[in-house]
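Structure first, then comments.
2 protein chains.
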Amino acid sequence: MQHGLSVLGNDGTSFVPLVVLELAENTEDKTIAWLLSKIRDKQQHGGAELLVEQLPSGEQEKRKENPNLFLVGSTWQRLLNGAEDLGLFKEFHDGTMRGFTYANRDSFKEFHGDGDGFLSIAECQYIIKHELDTLRAKDEAHVPGYPKLKLYPGKSIIRRLQSKGIIVQYFPIHDKDELKRLSSNWYKRVKLSFQPLENIRYYFGEGLALYFGFLEYFTLALVPMALIGIPYYLFDWEDYDKYVLFAVLNLIWSTVFLEVWKRHSARLAYGWGTLSRKKAFEEPRPGFHGVLGLNPVTGREEPTYSNTKRQLRIYLVSLPFVLLCLYISLHVMMIYFGMESLALSIYNEDPSFLTSLLLFIPSIIYAVVIELMNLLYRYAAEFLTNWENHRLESSFQNHLVLKVLVFNFINCFASLFYIAFVMQDMALLRHSLATLLITSQILNQVMEAFLPYWLQRRRNKKVHKRVRRVMGEQELPMVEQVRLERDMNTYLGTFDDYLEQFLLFGYVSLFSCVYPLAAVLVVLNNITEVYSDAFKMCHVFKRPFSEPASDIGVWQLAFETMSIIAVFTNCALIGLSPQVQDYFPEADTQLILTVVAVEHVLLAFKFILAFIIPDIPKDIQIKLAKLEFESVEALKKKKMLEAAEISKTKK
Amino acid sequence: MQHGLSVLGNDGTSFVPLVVLELAENTEDKTIAWLLSKIRDKQQHGGAELLVEQLPSGEQEKRKENPNLFLVGSTWQRLLNGAEDLGLFKEFHDGTMRGFTYANRDSFKEFHGDGDGFLSIAECQYIIKHELDTLRAKDEAHVPGYPKLKLYPGKSIIRRLQSKGIIVQYFPIHDKDELKRLSSNWYKRVKLSFQPLENIRYYFGEGLALYFGFLEYFTLALVPMALIGIPYYLFDWEDYDKYVLFAVLNLIWSTVFLEVWKRHSARLAYGWGTLSRKKAFEEPRPGFHGVLGLNPVTGREEPTYSNTKRQLRIYLVSLPFVLLCLYISLHVMMIYFGMESLALSIYNEDPSFLTSLLLFIPSIIYAVVIELMNLLYRYAAEFLTNWENHRLESSFQNHLVLKVLVFNFINCFASLFYIAFVMQDMALLRHSLATLLITSQILNQVMEAFLPYWLQRRRNKKVHKRVRRVMGEQELPMVEQVRLERDMNTYLGTFDDYLEQFLLFGYVSLFSCVYPLAAVLVVLNNITEVYSDAFKMCHVFKRPFSEPASDIGVWQLAFETMSIIAVFTNCALIGLSPQVQDYFPEADTQLILTVVAVEHVLLAFKFILAFIIPDIPKDIQIKLAKLEFESVEALKKKKMLEAAEISKTKK
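Same order as they appear, the protein sequences are chains B and L. When we follow full-length UniProt numbering, the leftmost residue of the first sequence carries the number 1, and every step to the right adds one. When we follow full-length UniProt numbering, the leftmost residue of the second sequence carries the number 1, and every step to the right adds one.
Next comes the structure, spelled out in structure tokens:
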């Protein structure tokens, strides 16, 4: 860890700042002094034992800016202890991953000397975050300077201050040198290569590395489908038997792809030490509030919120709201079909180049409206889920994901379902699918990367100009860098990125048998997506804290559900195709029964496949078993020694 | 633990015998002496530290009987230590379940004085079994007296001797007083009451108690279905709308019933301490053999067997054999239909009482043949699975269960499927279902309880007579009791009992909408089943070792699969019913599409229901979380103290 920048600590030694803590501008001095002393105090006195200093005011003229910015760092020794507290898994000299302990530090593969470079920057910042988060109130009944702001013994101080707005934010800062290195082998060269997952993990942590791993894996897995899809477009194949073939391939592919991903991600997570690491005990989320009560688990007094009330809010407010939104979405869809037929009638009256362009207008407008509705709904869903007052972040996330997924699914695919199964117009389906897919891709890339970047750039330019006036062409000093990063947008996690891939997966798999080219479009999109996502992580958003993740969580379930729905839709589409219907000229019943039988066989096949393919590769399983065996043996040996000790003392 | 019987140990004190160990009659004296010293040796010298004595020869004339019977017992202290080694969970004074440690013994609820009565008899015997099983070779290269019988360091001695036939068997002995107490409140009174699960668990352990818990739960859950089913029989309801209603009720019931069972069994297992207990490291099964190799997990030398060879045996021998058996089963079914039509033609020619009885003959013969084929197949499946040479007992069990389940399912239900969907004869279906169900129930009860009991009784009588000649009307002395129990049949585990319930569940759920009375028959069967199962456990079979179980394992999956298949069959049956077909007079396609839609909705509903209902009840979840929280806190405190120590010594 070699930073170009360091600050002077109050004991005369300098330290490398890792995290920035911003307090509200009007915070009482008493409170600041108390908080800083808490952060600096020795652990046995209930402190975090970290280094913290106020950000020096910049060299340029004093502006009316919040002076309450603090830089937090740590000694190596403290970070290593923190890694042990957190139960970080590191590679042992025998190639297995084990929980790091300071006492055994020399048995770990990457540990040299005093341990410099043993922890990644993301891990260091994560440790500091964890230590700050677990600063707990001891005897204090309230926050000094705020007599009304009660503290509960054993509860996180930082969370409390955060939910009361005294702590505005705290975030990890970028490391210019490392960032340059990362970006140069990530997105600054246009050449075909695998994602530098190890580097991403080193700089941003496991959660984000796993997302890029998934993005890469998904894209690569789509390539064969895309290659098979191209001749359909080139030779204008309209034979349905070819489409049937493509659909069956696609369905098997989607099952195998998702199962193999589980193994692949288990391997990645094992190598990163997150697979077998235990989850930390979950604290209430900052926004949670309630009346004082007894926590049944910890036995401590803390704010509690009645579950019945929450259920009432969910079922009487959130659920009707979601249903209303779905209704509106379907209504908008019907308007779109009205516009579509209007455009068609205009074109039919006067078929010219201009009116033929007009044919695309409704789809494009509809795609834009869908994106807008998704965006608006996202805000509403977040507001509502927040208002439901979930105690844990995980429960909050689950309710948010469910709300957003259902709406996005209906909003994006309802019109396609309508065209496919009510109108049964395959040409229109293909046309709409293409327009929706392309428009939403373009919109997405603009909205999530280029627009924020442009806004960010405008702000940066101002700062750069101001600094240049004072300092010339030198690199931006740390003070300015911190202030710049403070103003950057916060990256809200991988949610939106996964959601986008989920919808793309829907476009590829749901209607694959009528539009094989979808895979090609998604591959093309994802190639640019990799670059724009990488760019936005490095330059558009504030650096996020590392999220230790052992899998892609709820998204695995979401993708699997989509692949099951794809079996229904593809079987139904095949059943509707005229060529298949020609095989059963005498009776429709025969056709339908066959399609249903095929569907059931495919579903059974999917379940059996998912059951047979082990989720964790054999060699990782052996490594895990080895560790378990050794810990059992060690325990036994310890017991035997103890027993021998006791019998000795008895004699 | 108050036994009426005890033996004199070699140090002059007497002990209560818990387990009988039988060695082959021709075992070398050297080997016996070595094994006994291993069992008696102190733990720090690699022994089991148990008490063991040879069974005294009986008071009557010496007969030519195997003298190598040994009684194994233990001191209380040793049993308590063993409970700690095993990680037994016991109720703590605060009502949660915690791993027992001898140091904290006084904080456990049921621990009084020196701990007498703290462990159940089943637990004591299980501890002794575990201690015997984990007797490991240390420096010995081979078994003394058998230079060819190699021993591998760190591998179980008992397993090795067992697989070489030197140890014939070892089993826990009955406790006459406890057995009398148990049987009196279990099956010796004909009154409606719940099963005495706590007593069963105390005497036989968790695995069996869970089976009886499931049997009771399943029977009670069937009662409402049976009550609804009775009027169908009484009033001869033939309206299909009523049958549809019954089928829908049945499908929802089967989902809810299985989900609620998970919660119920979690609650039982939590109270018995098996829910959160870690599984022990699995040893290779006694029958496993192979060439010497390196175990990748333990890093030790031991027999290994190539996985490829095993796969070849499975796919090239076992699989074709199973398929052949399925073919034979289907062939027998076709013969049955031939007989059936023959009987019908005879009856039609000459309809009399005698020929009307003849109508039942084919079904009864077929039911008997099915039972016979199941029995024969069972032996073949066990032989084959054994030959596949699985290393672990769990893997052996999984392969055996899969083989047996598939065959039993086809064998029992193929004819019903054929009648329902190929012949589409609902009257015949009802008739066959009833005959199959009743015949197989009667056969089962005879085969599994009364026949073995009768054989057992004949043997007992001989012994009793002989003893009475010598001792008069006194109770059987222990020596004779041990010899009697030695000759009893071995109970092979709950497999057959669960299998029977599984098939009954199939009869109830698969065709519920044509024969609602099935539930009544199954309830009646299970009421007698409870008694015959209880009786056979107490008097027909050798007492089995306790099997710690936290759930019903693979059977949960089997029952769930059956309830999914039931959705298909019931929907199809409803679609075939004439009254439903009358609703869609103009087009069959409309009918089929509706049925398929209903089927999909029901399946989706099942999955959502299974997803929503939490598998572990809230209060148990809180207790588990509490324990985890406390262990995390304790670890933290320990670390803090250590850190304080270190900083003190530094100063």
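Glycine is no exception: its CB is placed at the ideal position from the N, C-alpha and C atoms.
(1) Verify the CB distance criterion: does Phe629(L) have a CB-CB separation below 7 Å to chain B?
(2) Could you pull out every unbroken alpha helix (DSSP H) segment of at least 4 residues lying fully inside the stretch 15 to 74 of chain B, listed in chain order?
(3) Under a three-way DSSP split, which group does His264(B) fall into?
(4) When the Cα atoms are used, what is the spatial distance from Asp133(L) to Ile158(L)?
(5) Would you mind sorting Glu633(L) into buried or exposed? The rule is 16 or more other CB atoms within 10 Å of its CB.
(6) Assign Glu282(L) to one of three DSSP states: helix, strand, or coil.
(7) If I follow the unbroken beta strand (DSSP E) through Val291(B), where does it start and stop?
(8) In terms of DSSP beta bridges, what is Thr569(B) paired with?
(9) When you compare only the Cα positions, how much space is there between Ser363(B) and Glu178(B)?
(10) Just checking: is the beta-carbon of Ile592(B) within a distance shorter than 7 Å of some beta-carbon in chain L?
(11) Rounded to whole angstroms, what's the CA-CA distance from Val523(B) to Val530(B)? Just pull it up for me.
(12) Can you tell me where the alpha helix (DSSP H) holding Thr274(B) begins and where it ends?
(13) Taking the alpha carbon of Tyr187(B) as the reference point, which residue from Ala534(B), Asp236(B), Tyr498(B), Lys462(B) has its own alpha carbon closest?
(14) Leaving out the 5 sequence neighbours to the left and right, which residues in its chain are closer than 8 Å to Leu510(L) when beta-carbon positions are compared?
(15) Is DSSP giving Asn398(B) helix, strand or coil here?
(16) What residues of chain B sit near Pro296(L), judged by a beta carbon separation below 8 Å?
(17) Under 7 Å, do Ser74(B) and His93(B) count as touching if we go by C-beta distance?
(18) With a threshold of 8 Å, are at least 3 pairs of Cβ atoms found where one atom belongs to the stretch 347 to 364 of chain B and the other to the stretch 482 to 495 of chain B?
(19) Using 7 Å as the threshold, is the C-beta distance between Phe89(L) and Arg277(L) below it?
(20) Within 10 angstroms of the Cβ of Asn26(L), are there 16 or more other Cβ atoms? Answer buried if so, exposed if not.
(21) Between the C-alpha atoms of Ala610(L) and Thr255(L), what's the straight-line distance to the nearest angstrom?
(22) Could you tell me whether any Cβ in chain L is nearer than 7 Å to the Cβ of Asp615(B)?
(23) Quick check on DSSP: helix, strand or coil for Lys462(B)?
(24) Expressed to the nearest angstrom, what Euclidean distance is found between the alpha-carbon atoms of Ala83(L) and Gln77(L)?
(25) Considering only the beta carbon of each residue, do Gly115(B) and Leu80(B) sit closer than 7 Å?
(26) Quick one: which unbroken alpha helix (DSSP H) runs of 4-plus residues sit fully inside the stretch 70 to 115 of chain B? Chain order, please.
(27) Between Met339(B) and Asn411(B), what straight-line distance do the alpha-carbon atoms span, to the nearest angstrom?
(28) Short check: CB of Ile39(L) to CB of Val52(L), under 7 Å?
(29) Which residue wins for smallest C-alpha separation from Met537(B), given the options Gly287(B), Ala209(B), Met225(B)?
(30) Three or more C-beta pairs closer than 8 Å, one from the stretch 142 to 152 of chain L and one from the stretch 160 to 172 of chain L: is that the case here?
(31) Under 8 Å Cβ-Cβ, which residues of chain L neighbour Val596(B)?
(32) Going by beta carbon distance, what residues of the same chain come within less than 8 Å of Lys623(B), once the five residues before and after it are set aside?
(33) For Ser345(B), does the count of other Cβ atoms within 10 angstroms reach 16, so buried, or fall short, so exposed?
(34) Less than 7 Å between CB atoms is the rule here; does Thr528(L) satisfy it with respect to chain B?
(35) Keeping to the same chain, check which residues put their C-beta closer than 6 Å to that of Ser546(L); ignore five residues upstream and five downstream.
(36) According to DSSP, what are the bridge partners of Arg136(L)?
Well, looking at it:
(1) Interface residue, yes.
(2) Residue ranges of uninterrupted alpha helix (DSSP H) with 4 or more members, entirely inside the stretch 15 to 74 of chain B and ordered along the chain, are 29 to 40.
(3) Helix.
(4) Within the model, the alpha-carbon separation for Asp133(L) versus Ile158(L) is close to 6 Å.
(5) It is exposed - the Cβ of Glu633(L) has fewer than 16 other Cβ atoms within 10 Å.
(6) Coil, per DSSP.
(7) Counting along the chain, the beta strand (DSSP E) containing Val291(B) begins and ends at 291 to 294.
(8) Partner residues in a beta bridge of Thr569(B), as assigned by DSSP, do not exist.
(9) Rounded to whole angstroms, Ser363(B) to Glu178(B) spans 44 Å at the Cα level.
(10) Judged by the 7 Å Cβ criterion, Ile592(B) is in contact with chain L.
(11) Cα to Cα, the separation comes out at about 11 Å.
(12) From DSSP, Thr274(B) is part of no alpha helix (DSSP H); its letter is neither H nor E.
(13) The shortest CA-to-CA distance from Tyr187(B) to any of Ala534(B), Asp236(B), Tyr498(B), Lys462(B) is the one to Ala534(B).
(14) Same-chain partners within the cutoff: Phe413, Leu416, Met562, Ile565, Ala566, Thr569, Asn570.
(15) Helix, per DSSP.
(16) Simply Ile622, Lys626.
(17) Judged by beta-carbon spacing, His93(B) lies beyond the 7 Å limit of Ser74(B), meaning their Cβ atoms are not closer than that value.
(18) Too few Cβ pairs lie closer than 8 Å, so no.
(19) A distance below 7 Å separates the beta carbons of Phe89(L) and Arg277(L).
(20) The Cβ neighbour count for Asn26(L), taken over all protein chains shown within 10 Å, is under 16; the residue is labelled exposed.
(21) Straight-line Cα distance between these residues: approximately 7 Å.
(22) The beta carbon of Asp615(B) sits no closer than 7 Å to any beta carbon of chain L.
(23) The answer is helix: DSSP assigns Lys462(B) an H, G or I state.
(24) Gln77(L) has its alpha-carbon roughly 10 Å from the corresponding atom of Ala83(L).
(25) Cβ atoms of Gly115(B) and Leu80(B): closer than 7 Å.
(26) The stretch 70 to 115 of chain B contains these whole alpha helix (DSSP H) runs: 76 to 86.
(27) Cα-Cα distance, rounded: 17 Å.
(28) Yes, these two residues count as a Cβ contact at 7 Å.
(29) Scanning Gly287(B), Ala209(B), Met225(B) for the CA closest to the CA of Met537(B) turns up Ala209(B).
(30) As far as the Cβ criterion goes, the stretch 142 to 152 of chain L touches the stretch 160 to 172 of chain L, which means the pair count is three or higher.
(31) What Val596(B) touches in chain L: Ile592, Val596.
(32) Result list for Lys623(B): Gly95, Thr96, Met97, Tyr270, in chain order.
(33) The residue in question, Ser345(B), is exposed, as its Cβ has fewer than 16 Cβ neighbours within 10 Å.
(34) So, not an interface residue.
(35) Ala122, Tyr126, Gly205, listed in sequence order.
(36) Answer is Ser156(L), bridged to Arg136(L).
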